[in-house]
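> Going by mature numbering (1 follows the signal peptide of the UniProt record, and there is no 0), the letters in the sequence shown line up with residues -18 to -1, 1 to 150, in that order.
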Amino acid sequence: MLAASALLVSALSTPAFAASCEASVPGDFSKVGETRLSVLFWDVYDATLYSPSGEYEKNERQALKLNYLRDIDADDLIETTEEEWQKLELDSSEHDEWLTKLKDFWPDIKEGDCLLLLETKDGYAEFYQGEELLGTVESQEFTDQFLAIWLSPESRFEDERNELVGAK
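Right under this line is the structure:
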């Protein structure tokens, strides 16, 4: 989860960059919740979840914004994604294909970078860095399993998950 934590690390580097990251969230989405992931002594990212209703509903489109608070290599993000799927016991014959696709477009993260996953109306996952579309994974199953890393009740970081989904 440290790698996933790294993936989710979010922090604002400058007001201009923060604004461009915010601009990637559709105007008809509202904030559901937010959290900061810290592991041991390190702040990894700030995560914010958005949805059209402003509430967490599993079957509603989601947008997950991660503002990173530290540098993270893309390979570490990929490895952590795979580890988190294993811990959540999420199986798919597509995992290798999805991870290869992510390797094609995920960047190395620098402190202050922002990544956004936007679930499309078709259930696909679009990844943005600031306002730039990095790539799309055209699979509802991928989108569900990727978001489960943060949103599943079995997520490794239960308190942070609850803050994201607005649970009391």
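In this text, a Cβ means the ideal position worked out from N, Cα and C, and glycines have one as well.
Can you give the Cα-Cα distance for Asn49 and Tyr27, rounded to whole angstroms?
Within the sequence shown, residue 49 is the residue found at index 67, counting from 1. Within the sequence shown, residue 27 is the residue found at index 45, counting from 1. If I take the Cα positions, the gap works out to 5 Å.
> I need the DSSP call for Pro13, collapsed to helix, strand or coil.
In the sequence shown, the residue the question calls residue 13 occupies position 31. The sequence shown places Lys at residue 13, rather than the Pro named in the question. Correct three-state label for Lys13: strand.
> For Gln127 and Trp67, which I take to be in contact (beta-carbon distance under 8 Å), what is that distance rounded to the nearest angstrom?
Position 145 of the sequence shown, counted from the start, is the residue given in the question as residue 127. Position 85 of the sequence shown, counted from the start, is the residue given in the question as residue 67. Separation of the CB atoms of Gln127 and Trp67 is rounded to 6 Å, and the pair is thereby assigned contact status at 8 Å.
> Flag this pair as yes or no: are the beta carbons of Ile54 and Lys85 separated by less than 8 Å?
The residue given as residue 54 occupies position 72 in the sequence shown. The residue given as residue 85 occupies position 103 in the sequence shown. Contact: no.
> Let me check understanding here. Comparing Cα to Cα, which of Glu120, Leu116, Ser12 and Arg52 lies closest to Gln44?
What you label residue 44 is simply residue 62 of the sequence shown in a count that begins at 1. Closest option to Gln44, Cα to Cα, is Ser12.
> On the three-pair Cβ rule with 8 Å, is the stretch 74 to 93 touching the stretch 107 to 119?
Output reads yes: the stretch 107 to 119 touches the stretch 74 to 93.
> For Ala107 versus Leu99, is the C-beta spacing smaller than 8 Å?
Taking the first residue of the sequence shown as 1, we reach residue 107 at position 125. Taking the first residue of the sequence shown as 1, we reach residue 99 at position 117. Their beta carbons are under 8 Å apart, which means Ala107 touches Leu99 by this criterion.
> Can you tell me where the beta strand (DSSP E) holding Phe109 begins and where it ends?
Here the question's residue 109 lines up with position 127 in the sequence shown. Ala107 to Gln111 is the extent of the beta strand (DSSP E) around Phe109.
> Using a C-beta cutoff of 8 Å, does Asn144 count as contacting chain D?
In summary, chain D is missing from the structure at hand, where a single protein chain is found.
> Where does Lys47 fall in DSSP's three states?
Position 65 of the sequence shown holds residue 47. Of the three classes helix, strand and coil, the one that applies to Lys47 here is strand, per DSSP.
> Trp24 by DSSP, collapsed to three states: which one?
To locate residue 24, count along the sequence shown from 1; it is residue 42. The answer is strand: DSSP assigns Trp24 an E or B state.
> Run through DSSP, which three-state label would Glu101 get?
Your numbering for residue 101 matches position 119 in the sequence shown. Looking at Glu101 - three-state DSSP - the assignment turns out to be strand.
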